[in-house]
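Taking our numbering, the leading residue of the sequence shown gets 551, the next gets one more, and so forth.
Note that the Cβ used here is the ideal one computed from N, Cα and C, for glycine as well.
These figures come from a predicted structure and were not determined experimentally.
Presented below is the structure to which this report refers.
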Amino acid sequence: AFAGRSKAGNSSAINTLTGNSKLARISKTPVRTQLLNFFSIDEQRRLVDLPGYGFAKVPLAVKNEWQKHLDEYLSERQSLRGLVLLMDIRHPLQPFDTVLLDWAARSAMPVHVLLTKADKLTYGAGKTALLQTQKVMIAKKGLQATAQLFSSHNGQGLDDLRQHLDNWLLAEE
Ligand code: GDP
């Protein structure tokens with residue numbers, strides 16, 4: 551399942567990953583983000599785009615509804631193999647991200663963090679952001695997490711992401 555704040559780059563990442571530019575529509579409005587979107591790879595494997603967060607203009611009631619869907623999905627989905635958490639590399643570890651990381655630690659759910667839009671930073675600044683994020687995650691007790699740089703615009707990190715998902719989805723049942 552792919553999670554992240556709105557505009558973190560969820561749709562772009564799924565489109566890049568699947569090579570289908572129309573699959574997860576790039577969000578121009580909050581509408582798409584109200585739903586959990588399931589994408590079947592084959593009969594056994596699915597990617598799930600979880601609702602995004604952070605649209606200031608959305609009423610609180612709607613935000614609460616998203617939160618409910620997300621909570622239910624995360625706590626009840628038996629087949630969930632791992633969480634891909636996307637964070638804009640320029641603003642990592644926002645409160646929403648921390649909530650998800652803490653939940654993952656408590657639930658022993660593996661997390662793979664994509665620091666998205668890595669093309670926006672220099673190589674050095676990107677590496678620094680990656681190290682800082684890893685440092686915070688290592689400090690969280692019980693959290694099983696990895697992180698990488700990613701860019702939908704230039705394909706940076708795509709092979710690493712594929713490898714990681716293969717490891718999750720091809721593992722023995
Ligand atoms: P979502 O709301 O999380 O699904 O985010 P989107 O995929 O719709 O992306 C939000 C905005 O960020 C769009 O304007 C995208 O073009 C832009 N964006 C997404 N990924 C990248 C990236 O890798 N690099 C850059 N520079 N911009 C990106």
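Rounded straight-line distance, which links the Cα of residue j to that of residue i
{"i": "A668", "j": "I688", "result": "21 Å"}
{"i": "A563", "j": "L720", "result": "20 Å"}
{"i": "P601", "j": "T678", "result": "29 Å"}
{"i": "I591", "j": "L597", "result": "7 Å"}
{"i": "E626", "j": "S657", "result": "11 Å"}
{"i": "D710", "j": "D716", "result": "10 Å"}
{"i": "T648", "j": "E593", "result": "33 Å"}
{"i": "E622", "j": "F700", "result": "28 Å"}
{"i": "G569", "j": "Q713", "result": "16 Å"}
{"i": "G707", "j": "E615", "result": "33 Å"}
{"i": "F605", "j": "S556", "result": "Its pLDDT being 49, under 50, F605 is placed unreliably by the model, and nothing is read from it."}
{"i": "D638", "j": "A655", "result": "21 Å"}
Distance between beta carbons of residue j and residue i, contact taken as under 8 Å
{"i": "Q628", "j": "V661", "result": "Q628 to V661, Cβ: 18 Å. No contact."}
{"i": "G781", "j": "T566", "result": "No answer is possible for residue 781: the residues shown for the chain start at 551 and end at 723."}
{"i": "A553", "j": "L651", "result": "That pair is no contact at about 11 Å."}
{"i": "P645", "j": "L665", "result": "Not quite, the Cβ-Cβ distance comes to about 17 Å (not below 8 Å), so this is no contact."}
{"i": "L680", "j": "A697", "result": "6 Å"}
{"i": "L630", "j": "A551", "result": "6 Å"}
{"i": "W653", "j": "L624", "result": "6 Å"}
Buried versus exposed, by CB contacts within 10 Å (16 or more), residue i
{"i": "S561", "result": "buried"}
{"i": "L633", "result": "buried"}
{"i": "F588", "result": "exposed"}
{"i": "R640", "result": "exposed"}
{"i": "G674", "result": "exposed"}
Closer than 8 Å to chain D by CB, residue i
{"i": "S702", "result": "Included in the structure is just one protein chain, with no chain D present."}
Cross-strand partners of residue i (DSSP beta bridge)
{"i": "Q698", "result": "L664"}
{"i": "N717", "result": "Note: N717 sits in no beta bridge, so no partner."}
{"i": "F588", "result": "V598"}
{"i": "G554", "result": "L636"}
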